[in-house]
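Residues 1 to 91 (full-length UniProt numbering) make up the sequence shown, in order.
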Amino acid sequence: CQWTDEHGTCNMNVFGDRVWMSHHLSRRHNVVGHEKSQRACLWQGCTDTMNKGSLTRHVVSRHLRAGASCGFCSKVYSRADVARRHTKKCK
């Protein structure tokens with residue numbers, strides 16, 4: 001994890017799983033609050049701001065590069081939800 005705040009950079013080994021990352025961000029970095037509240041991404045070198053509800057997806061897809069591919073045509077997507085949506089149409 002490259003989340004950098006007043007305590008420094010986290011450096012904990014992290015996984016590309018949204019549930020795990022959401023838990024890590026809330027417990028370790030106090031990323032809590034209303035889903036629509038604006039939060040800055042404090043990943044080292046990132047300057048993006050977004051809804052708190054989008055932050056976990058942003059970290060997993062942008063910083064951890066956890067992608068997914070279509071089981072039919074093998075096209076690769078940066079986000080698993082986009083790959084699932086494509087796969088439904090590709091069948």
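Beta carbons are placed, not taken as given, at the ideal position from N, Cα and C, and that holds for glycine.
All figures in this text were calculated on a predicted structure; none of them were measured in a lab.
- DSSP, reduced to helix, strand and coil, places residue 21 within a helical segment of the structure shown.
- Our two residues, residue 26 and residue 65, have alpha carbons roughly 20 Å apart in a direct line.
- Around the beta carbon of residue 50, a 10 Å sphere encloses fewer than 16 other beta carbons of the protein chains shown; the residue is thus reported as exposed.
- Checking the DSSP bridge columns, you'll see residue 13 has no partner listed.
- The DSSP-derived three-state label of residue 76 is strand.
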